[in-house]
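Notes to accompany the following structure.
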Amino acid sequence: MNKKGIIWISAVIYIALGLVAVTIILSSSLPLINNLKDKATYMQSKVVLYEIDKNIKEVINEGPGSKRFIDTVIIKGGKLEFVSSANLLNEIKWFDTTQATIVEPSEKGVCPNTSCIIIKEGDLNIYQEKTIIKDEYNLVAYLTYDKIRLLFDQASTQGPTDITGKFSLTIENQGIDNGQVKLYIKVA
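Take the sequence shown: its letter number 148 is residue 148 in my numbering, and every next letter is one higher.
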């Protein structure tokens with residue numbers, strides 16, 4: 001009977017050691033996996049921004065009446081926002097909260113103003129700023145358009161905000177008004 005007890009105790013100890021080893025491996029690799037996931041989300045969103053930018057430029061160059069339809073746009077993480085204002089600053093912006101360091105992070109509240117590190121990749125601007133949570137950052141990638149007026153429901157300049165998931169996009173050149181190219185953008 002004593003040998004059976006020793007076998008069971010040994011089995012329980014081996015199982016406990018195995019669980020401890022698996023827990024240590026998972027806890028040390030989980031931040032790395034999340035970091036890689038955040039970087040992949042950023043790269044995918046950057047490709048989406050470049051695709052939208054390419055279509056906007058084609059529509060502008062072709063003149064009034066030109067139209068582009070992007071059938072499937074997927075934002076897997078973060079949010080996409082269209083910003084249009086009266087002061088001719090029009091932006092298409094993607095933002096997300098991440099623990100991955102994509103670019104050198106700036107202090108919270110300074111971006112995109114002074115003392116902020118903004119990386120330019122072609123027309124795409126990228127910055128990252130710290131949040132109040134340790135090792136967490138706000139990552140922003142945006143395109144800025146000058147002398148272009150973004151329209152969203154034929155009369156309004158209020159664009160859709162916080163878009164995520166799968167959607168389609170229509171971009172139409174509606175001509176020039178007061179020196180601005182009017183682009184109608186429909187998100188469906």
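C-beta atoms are modelled at their ideal positions from N, C-alpha and C, and glycine is treated no differently. Being a predicted model, the structure only gives us computed values, none of them experimental.
Quiz item: For T23, does the three-state DSSP call read helix, strand or coil?
Solution: helix
Exercise. Below 8 Å on the Cβ atoms is my guess for Y142 versus N125; work out the distance and round it to an integer in Å.
Key: 5 Å
Quiz item: With a Cβ-Cβ cutoff of 8 Å, do V140 and F69 count as a contact?
Solution: no
Exercise. Name the one or two DSSP bridge partners that N125 has.
Key: K120, Y142
Quiz item: What number of angstroms, rounded off, separates the C-alpha of D53 from the C-alpha of K76?
Solution: 19 Å
Quiz item: DSSP puts K182 in a beta bridge; with which residues?
Solution: R149
Quiz item: What residues are listed by DSSP as bridge partners for S84?
Solution: N90
Practice problem: Give the DSSP-derived three-state secondary structure of I56 in the structure shown. | Solution: Reduced to three states, the DSSP call for I56 is helix.
Quiz item: What are the start and end residues of the beta strand (DSSP E) that includes E172?
Solution: 163-177
Self-check item: Which residues DSSP lists as bridging S10, in chain order
Solution: Answer by DSSP bridge pairing: none, since S10 is not bridged.
Quiz item: Measuring CA to CA, which of D135, K3, P64, V48 is closest to E81?
Solution: V48
Quiz item: Name the DSSP beta bridge partners of V47, please?
Solution: BP columns for V47 are empty, so no partner.
Quiz item: In the DSSP assignment, what are the bridge partners of K67?
Solution: E172
Exercise. Please look up how many angstroms separate the CB atoms of K39 and T164, rounded, as I've assumed it's under 8 Å.
Key: With 8 Å as the limit, K39 and T164 do not qualify as a contact, their Cβ atoms being about 18 Å apart.
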